[in-house]
Structures are given as C-alpha cells and as structure tokens.
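Here is the structure we will look at.
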Amino acid sequence: MASNPFSPYWDDIEGNMTSAHKEQQTEYLEDLYGVGRSSVNNYSRGYLAAKEKETVNKAGMETGQRMQGMSLYYAWRETPVSFDLLLLIKEGIISQYIEPILTPKSFKLNILGKTVLEDHFVYTMDASAGPNWTMTEAATKHKPIPREELEALLSKAVPVPSKTALLDGPTALSSSSSSSSSSSSATVPHPHTGLPIPRGFVIQEVFKELPDTINDINELSVHPAIQFNFHKARSSRGMWGSCFVSI
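Laid out in structure tokens, this is it:
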C-alpha cells in the first residue's frame, strides 16, 4: 500500500480520512512517484522547445504519448516508459574513450576518466541493466583524436554549470575541483523533493551545440553523436516532461 498509489487499501480507509490526512496522502505520493505533478520542470534546459503529442501513429498503430525537446548540447525524446538521449560530440571521440555511469537517480558521462557531463534525473530510472548506448555512424567515420591530445584538452577544460547556475552568479565550477560535480558547493533544490542536490554541469570542449535548424531528434542521427536509451523505473513510469533536473 505504501508503495502503490493505486492499492485498493487506499479506498478502504478513505472514508476515515480527514482533509489533512488526504493532503498528507497526496503530498506523500507526489514526493514518492510524482503522481499528479505537472510535467513542466522549471529547472531543466532540456525542456526548451518541448513538443508533446497525445498519440503518435506509426504504420497505422498508436504508439502512445511522446514528447521531445532540445537543449544546448543534446536532444531527448520521451515515452511513458523510457527516454532517448542524443549528445552531439566532437569529431574523433571514439567509443573506447567513453564510460557512461547510470544510477537510479543520476547520470554521469566520463571521457578518458574525466567527468564531462553529470546531472540528476527528475524521477527514477531502472539502472539494473546499466546504460544502453551506441555511437552514430557519423561518429565512427572520423579519425580518432590521439589519447594524449584529448587528455591535454580535458586537463584544461573548465566545467560549466547548468543554466540556473549561470543565472544565479558563478560562471564556472572551479577548475581545480575533482571531476565530479559533488565537489562543488553549488546546489539546486530537487523539483519534487525540494532537497538540495549538486548542480548538473557539462564540459563544453567535447560537445557540439545543436544546430538551430534542427527540429527533430531524428535529424541528429547524421551527426557525430552518442545515443542513450534509459528505461524508467516501474514506479516512475509516465510523462516527466524532461529527463534531467539542471542541464
């Protein structure tokens, strides 16, 4: 019952619940699963230019709700059960350099051991099978950047905080900090729990900005990019409105 908002036991006790009890129940379930919350996430750049359709017809079949949006360095597409994420990368970055790290609450992308992107998810992902990812064909057609050259580039790179951080004051995280955003004192409140979490950040030198002419995530498949697929935890299925809290 405590973990299932649709349990019949809630109906059994509803008659004995006061208005205060019902408010507490609603707040509890919203904090746990986001039930009843608006899909709009004020903290996420990824929500920019989001487009939602009630149903999508494919080969005469309805595939259900679908939403997509564009951020500065990535595009995302959402269904009630998953997220597709596509990150445009610098030519010459190969799969052997890349290490994605997925937890139920956060995502981190390492290149040659240095974190180049990190943020928290809006809700909870199913991390049991690890991240599903691949490189676009365009990413494999370029000569690899020598490891030493890329390491030198990363050693000088400064992590850039999320949009909210840029608006609030600091223009970059300390270059002397560790590779994780947790080393920074800059935090944002989680949009649903209100608890402070580290700001998301990116290292711009390894990514490319999305072209202004792009209107659909499928158009990015011809560019050098990393494609990810994240499955939502069973308890967090539904439309989130954005994948990440900050970036």
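Taking our numbering, the leading residue of the sequence shown gets 976, the next gets one more, and so forth.
Ideal Cβ positions, reconstructed from N, Cα and C, are used throughout, including at glycine.
Val1177 bridges to which residues according to DSSP?
Residue pairing by DSSP places Val1177 opposite Leu1092 and Val1135 in a beta bridge.
Please classify Ala955 as buried or exposed, where buried requires at least 16 other C-beta atoms within 10 Å of its C-beta.
In the structure as shown, the chain begins at 976 and stops at 1222. Residue 955 is therefore absent and cannot be evaluated.
Would Val1181 and Lys1080 be called neighbours here (beta carbons separated by less than 8 Å)?
no
Alpha carbon to alpha carbon, what distance is there between Asn1107 and Asn1190?
24 Å
Rounded straight-line distance, which links the Cα of Thr1168 to that of Met992:
24 Å
Would you check if the distance between the CB atom of Ile1192 and the CB atom of Met1110 is smaller than 8 Å?
Contact flag unset, no.
Cα-Cα separation, Ile1120 to Ile1178
17 Å
For Asp1143, collect the residues of the same chain with a Cβ closer than 7 Å to its Cβ; drop the 5 residues on either side in sequence, then sort them by chain order.
For Asp1143, the predicted model reports a pLDDT of 37, less than 50, meaning its position is unreliable and no value from the coordinates is stated.
Give the DSSP bridge partners of Met1110, in chain order.
Residue pairing by DSSP puts Met1110 in a beta bridge opposite Ile1201.
Report back the beta-carbon spacing between His1095 and His1165 to the nearest angstrom; my notes put them in contact at under 8 Å.
7 Å
For Trp1052, three-class secondary structure by DSSP
Just to set this straight, residue 1052 is Arg in the shown sequence, not Trp. Of the three classes helix, strand and coil, the one that applies to Arg1052 here is strand, per DSSP.
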